[in-house]
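Numbering follows our numbering, in which position 33 of the sequence shown is assigned residue number 41; successive positions increment by one, without gaps. Beta carbons: idealized from backbone N, C-alpha and C, even for Gly.
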Amino acid sequence: MDPSGAHLGYHRGEMSRFNGYGLDVSDMVLLDLTSALDEKIPALANVYGGMLNLILQGSDATFQKAKNELLDQLSICVNRCLDEIYAPERVAKKSRMARKTDA
Numbered sequence: 009m010d011p012s013g014a015h016l017g018y019h020r021g022e023m024s025r026f027n028g029y030g031l032d033v034s035d036m037v038l039l040d041l042t043s044a045l046d047e048k049i050p051a052l053a054n055v056y057g058g059m060l061n062l063i064l065q066g067s068d069a070t071f072q073k074a075k076n077e078l079l080d081q082l083s084i085c086v087n088r089c090l091d092e093i094y095a096p097e098r099v100a101k102k103s104r105m106a107r108k109t110d111a
């Protein structure tokens, strides 16, 4: 897997065409995670006036503070996304869908 995440845009488009059917569970989890992050990342950008590159401005101390705040918020965002996609009802739904495609 490409650690840069560059492949996610392609997979997001390809996987969404199947509406979850014909995918294995790992593909469904990846699609769920990218969708959840797509919904939450813009909220992080709003903190910086909609432009994440604004954290690169300012002194070293200002940059470090803004970077650390952004990384803390991103960590919270990712954890919330993981909590959502691994909620028992979502896992059960993915399992049912995977069983249907195996049949």
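Taking 8 Å as the threshold, find out whether the stretch 65-73 comes into contact with the stretch 31-46 through three or more Cβ pairs. Contact between the stretch 65-73 and the stretch 31-46 is absent, because fewer than three Cβ pairs lie under 8 Å.
Are residue 53 and residue 60 closer than 9 Å when you measure CB to CB? Contact: yes.
Which residue wins for smallest C-alpha separation from residue 43, given the options 89, 105, 103 and 73? For the residues 89, 105, 103 and 73, the minimum Cα distance to residue 43 belongs to 89.
Below 7 Å CB to CB, which residues in the same chain sit around residue 63 once its five sequence neighbours on both sides are set aside? The beta carbon of residue 63 sits closer than 7 Å to the beta carbons of 56, 71, 74, 75 and 78 from its chain, once the five residues preceding and following it are set aside; these are given in chain order.
With distances taken Cα to Cα, identify the nearest neighbour of residue 39 among 94, 108 and 107. Of the listed residues, the one whose Cα sits closest to residue 39 is 94.
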